[in-house]
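One structure is given here, and the rest of the page talks about it.
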Amino acid sequence: MVKVELTSSSVRDELLNQKRIIVNYITYDIIEYLASANVLMCSKCMALGHFKKQCTQTKETCRTCGDQADDMKSHKCSKVEKCVRCGQNHNSSLLKCPVVKSFRSELTRKILQVNNQSSRDSRLLNKNIIFNSTKFPPPPPPKSSALSINPMTVKLNELINKLSEVKDRLVNLEAKHDKFEQFICDKNHYDETIIKNMNDMSNKYMILKKDVVQQNFFIERHENLFCKLLIPMTEDIFTFISTQNQDKKGNSVDADLKCRINCYFVQMKKVTEDKPFSS
Numbered sequence: 002m003v004k005v006e007l008t009s010s011s012v013r014d015e016l017l018n019q020k021r022i023i024v025n026y027i028t029y030d031i032i033e034y035l036a037s038a039n040v041l042m043c044s045k046c047m048a049l050g051h052f053k054k055q056c057t058q059t060k061e062t063c064r065t066c067g068d069q070a071d072d073m074k075s076h077k078c079s080k081v082e083k084c085v086r087c088g089q090n091h092n093s094s095l096l097k098c099p100v101v102k103s104f105r106s107e108l109t110r111k112i113l114q115v116n117n118q119s120s121r122d123s124r125l126l127n128k129n130i131i132f133n134s135t136k137f138p139p140p141p142p143p144k145s146s147a148l149s150i151n152p153m154t155v156k157l158n159e160l161i162n163k164l165s166e167v168k169d170r171l172v173n174l175e176a177k178h179d180k181f182e183q184f185i186c187d188k189n190h191y192d193e194t195i196i197k198n199m200n201d202m203s204n205k206y207m208i209l210k211k212d213v214v215q216q217n218f219f220i221e222r223h224e225n226l227f228c229k230l231l232i233p234m235t236e237d238i239f240t241f242i243s244t245q246n247q248d249k250k251g252n253s254v255d256a257d258l259k260c261r262i263n264c265y266f267v268q269m270k271k272v273t274e275d276k277p278f279s280s
């Protein structure tokens, strides 16, 4: 299939009426080509058939998860894709959405019906009208042989070209906006992860602090037990043993036992004075 573009509307209509064209002595069948209609999609509610300025919805719709929010900048997207039109797992701005395809095909079909109806009316009008050149006065001679160009057509072509450029810029701007929006969402997710980790570290620090306080309490209690009860009681026992180790004259019965008891006294004194043991 080959697409043929014509600058003359009369030649185009003539070829469409004949439904064939001859090229190099070969006849080819031709049909009218109509491009797919452009579908208007609202960037606020993601509905079809109108722009954002014409939208009556108060809240904005997220094109990824489909939830509505007062402000998309503060919206926390779930990253789960869900179309607001068909409910399937894809982005709401996807042009391959079944609803968008159905809407475009229906719009194209209606445009084809309108064009076909206008063509049939034009052909019917041409059949009913019989032109007789003898009943009309001759036209005035042409003032110039140069072809005149309609200024309105030129302006319309310029306007169409500018609209096409604006459309391309809007598409690029939308792509950049989507990337920036994704960056903001990723940054918010990263910040939430950092805050969660800091909270976990703070909780672990508080638990460790409680454990340290409890261990210090246990150490202090055992220290009091040894210094205020066991050591004095041991000193009394050693004192009693020392008295029993003496004869009537006060001399030591067992000199080695006396020496060991004196060593024990020295070690207990170091404990009470918080000094290191010696062998």
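Sequential numbering of the sequence shown, starting at 2, is according to my numbering.
Idealized CB from N, CA, C, for every residue including glycine.
Check                                                                                                                                                                : Outcome
Any heavy atom of the ligand NAD within a distance shorter than 7 Å of the CB on residue 74?                                                                         : With respect to the ligand NAD, the structure offers nothing, as it holds no ligand at all.
Given this structure, state the Cα-to-Cα distance separating residue 52 from residue 78, to the nearest angstrom.                                                    : 23 Å
Have a look at the DSSP bridge pairing and note the partners of residue 207.                                                                                         : According to DSSP, which records beta bridges pairwise, residue 207 is partnered with nothing at all.
Leaving out five residues on either side along the sequence, give the residues of the same chain with a beta carbon under 7 Å from the beta carbon of residue 83.    : 66, 67 and 90
By the three-class DSSP mapping on this structure, what secondary structure does residue 42 have?                                                                    : strand
Helix, strand or coil: which one does DSSP assign to residue 148?                                                                                                    : Only weak support exists for where residue 148 lies, its pLDDT of 43 falling under 50; the value from the coordinates is given anyway. Correct three-state label for residue 148: coil.
Under the rule that 16 or more other beta-carbon atoms within 10 Å means buried, what is residue 60, buried or exposed?                                              : exposed
Taking 7 Å as the limit between beta carbons, can you name the residues of its chain near residue 191, skipping five residues before and five after?                 : none
Suppose you measure from the CA of residue 238 to the CA of residue 207; what does that come to, to the nearest Å?                                                   : 45 Å
Secondary structure at residue 61, three-state DSSP: helix, strand or coil?                                                                                          : strand
Apart from the five residues on each side of it in sequence, which residues of its chain come closer than 7 Å, Cβ to Cβ, to residue 1?                               : Here the chain covers residues 2 to 280 and nothing more, so residue 1 does not appear.
Determine whether the beta carbon atoms of residue 42 and residue 94 lie at a separation below 8 Å.                                                                  : yes
Can the beta-carbon of residue 62 be found less than 8 Å from the beta-carbon of residue 87?                                                                         : no
Would a C-beta distance cut-off of 8 Å place residue 228 and residue 273 closer than the cut-off?                                                                    : yes
Within a Cβ cutoff of 6 Å, which residues of the same chain sit near residue 33, ignoring the five residues on either side of it in sequence?                        : 17
Quick one: measure Cβ to Cβ for residue 22 and residue 31, integer angstroms, because I've assumed they're closer than 8 Å.                                          : 5 Å
Ends of the alpha helix (DSSP H) at residue 267?                                                                                                                     : 256–273
Would you mind sorting residue 98 into buried or exposed? The rule is 16 or more other CB atoms within 10 Å of its CB.                                               : buried
For residue 236, which residues of its own chain have a beta-carbon under 8 Å away from its beta-carbon, when the five flanking residues on both sides are left out? : 266 and 269
DSSP on residue 69, reduced to helix/strand/coil?                                                                                                                    : strand
Residue 215 by DSSP, collapsed to three states: which one?                                                                                                           : helix
So who's on the other strand from residue 172, going by DSSP bridges?                                                                                                : The partner list for residue 172 (beta bridge, DSSP) is empty, contrary to what the question assumes.
For residue 27, list the residues DSSP reports as bridge partners.                                                                                                   : 24
Tell me which residues share the same chain as residue 73 and place their Cβ nearer than 8 Å to its Cβ, disregarding the 5 neighbours each side in the sequence.     : 61, 63 and 182
Is the beta carbon of residue 110 closer than 8 Å to that of residue 40?                                                                                             : no
For residue 49, name the three-state secondary structure that DSSP assigns.                                                                                          : strand
On the three-state DSSP scale, how would you describe residue 55?                                                                                                    : coil
Can you tell me whether residue 101 is buried or exposed? The criterion is at least 16 other CB atoms within 10 Å of its CB, across all chains shown.                : buried
Suppose you measure from the CA of residue 75 to the CA of residue 198; what does that come to, to the nearest Å?                                                    : 22 Å
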